[in-house]
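Before any comments, here is the structure.
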Ligand code: SPD
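Residue numbers (our numbering): 20 to 305.
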């Protein structure tokens, strides 16, 4: 029960729907060159990072999101060695990429250095040892600029962006996806988050349509992230050809790569997350 004097972070998830998080301590409030950045200790969900009033992560459920953004495409790849992560300044996606023993190089391209520094200072449980890992090359730059002169370069390209509004919008549009296809090797795969199909009908449809106009194969899949709007979160994987592995093949790869005892991703979740409820299928057909 909220008491007078309690402090809350309140996110307007959509008009008329608000998410309240009780705050124990505000740790950082900063106007960066690009956005408003907040880090706080919440009462119940560990530390939280927000950008422009939207929750990017809480320590309680960030692994659910990062594991699902990263492992489905990485497991589909036979031998991922060179990976680019665009965005994800907190480092959670890079952390998950580094679990795959075949990875030799991760280019981590984040536009806002302040987000990286905030994670380094306040979210060590998220970025863990990635700053010391010699396989990681951190580049502070807009993703689309850094990718512009690359070609045929990556086994995997992962876009860990904010919601498809404001400055992040170009990362959900066709010209950016064309660039992404060009920078991937022939067998390379692309993944990104695309919002919630419960509230963001147009955004999810737009991503699916724009990706489908660029990549021969695109699949949407779903996961659960309790602190994101509605909790039901969509991701997309795309490439020239998606490797449709069966359960025993996925299990074998996960065992070989030490991907056991994760918080959300498992071989069974890998397969089931591609089964879309009728309301999502209808959304994509529309
Ligand atoms: N509505 C929040 C969507 C945020 C997606 N990206 C989060 C970045 C975490 N690495």
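A virtual CB, placed ideally from N, CA and C, is assigned to each residue, including glycine.
key: residue 35: first and last residue of the uninterrupted beta strand (DSSP E) it sits in   = Here residue 35 belongs to no beta strand (DSSP E), and DSSP marks it neither H nor E.
query = Comparing the CB of residue 243 with every heavy atom of the ligand SPD, is any distance shorter than 7 Å?
reply = no
ask   = DSSP state of residue 106, grouped into three classes?
value = Residue state, collapsed to three classes: strand.
request  = Provide the residue span of the alpha helix (DSSP H) that contains residue 288, from first to last.
outcome  = Counting along the chain, the unbroken alpha helix (DSSP H) around residue 288 starts and ends at 286 to 291.
Residue range of the unbroken beta strand (DSSP E) whose run includes residue 66 = For residue 66, the uninterrupted beta strand (DSSP E) segment begins and ends at 66 to 70.
inquiry  = In whole angstroms, give me the CA-to-CA distance for residue 259 and residue 167.
reply    = Computed Cα separation, rounded: 20 Å.
task = Return the chain-ordered ranges of every beta strand (DSSP E) run that is complete within the region 191 to 241 and spans a minimum of 3 residues.
result = 203 to 212
inquiry  = Taking 7 Å as the cut-off, is the beta-carbon of residue 189 closer than that to any non-hydrogen atom of the ligand SPD?
reply    = Within the chosen limit of 7 Å, the ligand SPD does not reach the beta carbon of residue 189 with any heavy atom.
request  = With hydrogens ignored, establish whether the beta-carbon of residue 92 is closer than 7 Å to any heavy atom of the ligand SPD.
outcome  = no
query = At least one CB of chain B closer than 8 Å to the CB of residue 83: is that the case?
reply = The question asks about chain B, but that chain is absent: this structure has only one protein chain.
ask   = What span of residues does the beta strand (DSSP E) with residue 126 cover, start to end?
value = Here the beta strand (DSSP E) through residue 126 covers 124 to 129.
query = What does residue 77 pair with, by DSSP beta-bridge criteria?
reply = Paired residues: 67.
Alpha-carbon spacing of residue 208 relative to residue 64, whole angstroms = 33 Å
ask   = Taking C-beta to C-beta, are residue 237 and residue 255 nearer than 8 Å?
value = yes
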